[in-house]
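Order-wise, the sequence lines are chains S and Z.
Counting with numbering that gives the first Met the number 0, you get residues 0 to 272 for the letters of the first sequence.
Counting with numbering that gives the first Met the number 0, you get residues 0 to 272 for the letters of the second sequence.
Here's the structure, in structure tokens; my notes come after.
2 protein chains.
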Amino acid sequence: MTYCVALKLNAGLVFASDSRTNAGVDQISSFKKMRSFVNRGDRAIVILSSGNLSITQNAINTLEMQGRHHDERNIWNVDSMFDVATLLGGCLRSVQNTDRPFLLAGNIDVSANFIVGGQIVGEPPRLFLVYSEGNFIEATENTPFFQIGEIKYGKPIIDRVIRPETQLPEAIKCVMVSFDSTMRSNVSVGMPIDLACYVTDSYVLDNLRQLPEGDPYFTAISGSWSEGLRNVFASLPDPEWVCQTSIPAVPDLFNQSQSQSQSQAPIQEIPPS
Amino acid sequence: MTYCVALKLNAGLVFASDSRTNAGVDQISSFKKMRSFVNRGDRAIVILSSGNLSITQNAINTLEMQGRHHDERNIWNVDSMFDVATLLGGCLRSVQNTDRPFLLAGNIDVSANFIVGGQIVGEPPRLFLVYSEGNFIEATENTPFFQIGEIKYGKPIIDRVIRPETQLPEAIKCVMVSFDSTMRSNVSVGMPIDLACYVTDSYVLDNLRQLPEGDPYFTAISGSWSEGLRNVFASLPDPEWVCQTSIPAVPDLFNQSQSQSQSQAPIQEIPPS
């Protein structure tokens with residue numbers, strides 16, 4: 000499995016991806032799922048990938064190879080992130096068209112997804128989600144983030160915290176918590192975490208970091224979050240209306256009728272013999 | 000969609016289910032997904048259901064109809080929860096066998112799951128998960144809970160809190176938080192919540208409650224949890240190593256080489272012309 004998330008904030012873009020891949024539980028490896036393309040002062044682009052690893056790697060390699068032909072439209076010369084997403088979707092379709100018949104013959108899933116974001120001079124930062132079919136959508140202010148892979152466990156904290164005006168350090172913290180929740184509940188998502196933080200209008204990617212197993216900052220976040228949750232949970236009000244009475248093990252007609260009138264859920268009692 | 004959860008604790012069993020059903024986004028209704036069968040002093044059984052509503056309702060109705068024939072083995076006379084799970088799995092298979100060809104002809108999913116738990120005199124409380132195929136598994140101390148339906152959003156808090164020795168009021172709180180997380184992230188799970196709390200060796204079900212939209216206790220839990228999470232999040236340490244520098248928009252060779260030696264993730268720079 001995989002977990003990748005990217006945020007589009009006023010202050011910039013945050014990208015993060017895990018590194019665990021698995022082809023069955025007996026074949027687990029570590030592969031980077033983040034690729035960045037930077038031409039300082041002109042463009043900074045990050046791609047996150049999930050799904051079939053051969054498909055996603057080949058699509059990105061195809062995108063990279065295009066970049067060596069300066070006479071063609073490629074990731075280095077197009078003047079819009081929309082064009083970059085279009086190129087990436089095209090590379091994905093091309094690889095799938097080539098490989099699909101062979102993979103499907105082996106009952107192998109060809110699905111693959113990308114998040115691609117960044118900034119090219121002349122545009123604000125933009126963020127896209129490229130579907131397995133090569134079409135794509137763009138993040139807007141209403142939902143300023145995308146996730147791919149194992150998305151559910153890490154979504155609630157993002158829903159609660161992330162707004163377009165969220166500052167980058169807070170956004171990084173949120174991404175750490177999101178990964179912590181995901182890795183606790185799905186063993187197929189694992190360290191190291193690749194993290195990239197792009198500052199709006201900087202056109203560089205200085206804030207790149209790989210957090211290995213046992214990374215002190217991630218460990219501190221994970222521990223503090225866990226302890227904090229336990230404390231908040233302990234402070235929640237108890238349900239006063241439940242389990243207050245010691246209940247007799249033998250039928251008690253008075254209590255029986257009383258309890259039934261209190262409860263709003265019908266009890267199926269044994270039918271008369 | 001649906002969310003149901005049941006916990007098996009030393010102190011007893013806790014069951015909870017939402018009430019929202021949907022057949023497409025334009026056909027959303029409210030149906031109870033909890034059924035209880037109580038013969039005071041002898042047995043108390045609760046069934047939670049998810050999946051195709053006609054399948055689950057008909058399976059439980061079949062189980063109930065069996066109970067009217069006192070000469071047959073039925074939910075009222077078998078002497079083990081294992082037998083109850085077997086009967087329920089059999090009813091599910093029977094309904095599916097009858098309905099499957101017709102539903103599949105209309106491309107309608109026939110899958111259905113049950114959680115069934117309770118206590119029959121002579122046994123400790125037991126909890127089972129009945130799969131769509133009618134086979135089933137039993138909860139053990141290692142994983143003292145089952146969930147069906149939209150399970151992921153509400154699982155982390157259960158993973159963190161629930162142990163066999165957890166007391167019933169704390170378990171109820173945990174279930175409330177689990178539902179709050181689920182309903183925030185999936186609109187197809189909704190109030191009212193049916194809640195049943197069975198006290199070990201009581202053989203009654205006095206703690207049954209339906210929490211409607213706006214229920215004061217659930218609202219209090221939801222609000223306190225949300226505020227508590229925000230406070231914990233705010234108290235987490237900031238990532239000191241990120242976004243500290245104001246980054247020049249024009250290339251700066253010193254910073255460039257410095258930043259690249261710091262970063263562990265390779266940057267794809269523009270190839271030479």
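Glycine included, C-beta positions come from ideal geometry on N, C-alpha and C.
Closer than 9 Å at the C-beta level to chain S, one finds these residues of the stretch 160-176 of chain Z: Val160, Gln166, Leu167, Pro168, Glu169, Ile171, Lys172, Cys173, Met175 and Val176. Within its own chain, the residues whose Cβ lies closer than 6 Å to the Cβ of Pro191/Z, once the five positions on either side in sequence are excluded, are Ser18, Gln209, Leu210 and Pro211, listed in chain order. For Lys151/Z, there is no enclosing alpha helix (DSSP H), as DSSP gives it neither H nor E.
With respect to the 7 Å criterion, Arg39/S and Val160/S are not classified as neighbours on the basis of their beta carbons.
In the structure shown, Ser110/Z falls within a coil segment according to DSSP collapsed to helix, strand and coil. With respect to chain S, the C-beta atom of Val24/Z has no partner C-beta closer than 7 Å. Here Thr142/Z is not near Tyr2/Z, since their CB atoms are 7 Å or more apart. Taking the CA atoms as reference points, Ala43/Z sits about 17 Å from Ser16/Z. Of all residues in the stretch 205-237 of chain S, the ones placed with a Cβ closer than 8 Å to any Cβ belonging to chain Z are Asp205, Asn206, Leu207, Arg208, Gln209, Tyr216, Ala219, Ile220, Ser223, Trp224, Ser225, Gly227, Leu228, Arg229, Asn230, Val231, Phe232, Ser234, Leu235, Pro236 and Asp237, in chain order.
For Ser180/Z, the C-beta contacts it makes with chain S under 9 Å involve Pro155, in order along the chain.
Inter-segment contact for the stretch 117-124 of chain S and the stretch 67-84 of chain S is present: three or more beta-carbon pairs are separated by less than 8 Å.
If you look at Leu204/S, you'll find it isn't in any beta strand (DSSP E); DSSP assigns it neither H nor E. DSSP places Asn60/Z in the uninterrupted alpha helix (DSSP H) bounded by Leu52 to Gln65. Taking C-beta separations shorter than 7 Å and ignoring five residues to either side along the sequence, the partners of Asp179/Z in its chain run Ile220, Ser221 and Trp224, following chain order. Taking 4 residues as the shortest admissible run, the stretch 71-115 of chain S contains the following complete alpha helix (DSSP H) segments, listed from N- to C-terminal end: 80-104. Your pair Gly189/S and Val129/S does not check out as a contact, with CB atoms roughly 24 Å apart and the cut at 8 Å. Per the coordinates, the alpha-carbon of Val13/S lies some 35 Å from the alpha-carbon of Phe217/Z. For Asn134/S, the secondary structure class from DSSP, reduced to helix, strand or coil, is coil.
Taking Gln166/S as reference, the option from Met0/S, Val4/S and Leu8/S with the minimal CA-CA separation is Leu8/S. Taking 8 Å as the upper bound on Cβ-Cβ separation, chain Z lies near residues Glu63, Gly66, Arg67, His69 and Trp75 of the stretch 63-78 of chain S. Using a Cβ-Cβ cut-off of 7 Å, Tyr197/Z does not count as an interface residue toward chain S, since no Cβ of chain S sits closer than that to its own.
At a cut-off of 7 Å between C-beta atoms, Lys151/Z counts as an interface residue with respect to chain S. Spanning the alpha carbons of Ser49/S and Thr20/S requires a straight line of approximately 9 Å.
Close to chain Z, meaning a Cβ-Cβ distance shorter than 7 Å, are the following residues of the stretch 39-57 of chain S: Arg39 and Gly40. It is roughly 41 Å from the alpha-carbon of Met175/Z to the alpha-carbon of Asn106/S. Listed along the chain, the chain S residues whose CB falls inside 7 Å of the CB of Arg183/Z are Pro155 and Asp158. For the pair Ile171/S and Pro238/Z, the Cα-to-Cα distance works out to about 7 Å.
Ala10/Z has its alpha-carbon roughly 30 Å from the corresponding atom of Leu91/Z. DSSP, read as helix, strand or coil, puts Lys172/Z in helix. Looking at Asn51/S, Gln56/S and Ile27/S, the one whose alpha-carbon comes closest to that of Met33/S is Gln56/S.
Boundaries of the alpha helix (DSSP H) harbouring Leu228/Z: Pro215 to Ser234, taken from the DSSP string. Phe144/S is bridged by DSSP to Leu6/S. Per the DSSP secondary-structure output, Ser29/S pairs in a beta bridge with Arg19/S. When C-alpha distances from Gly133/Z are compared across Ile156/Z, Phe113/Z and Cys196/Z, the shortest belongs to Phe113/Z.
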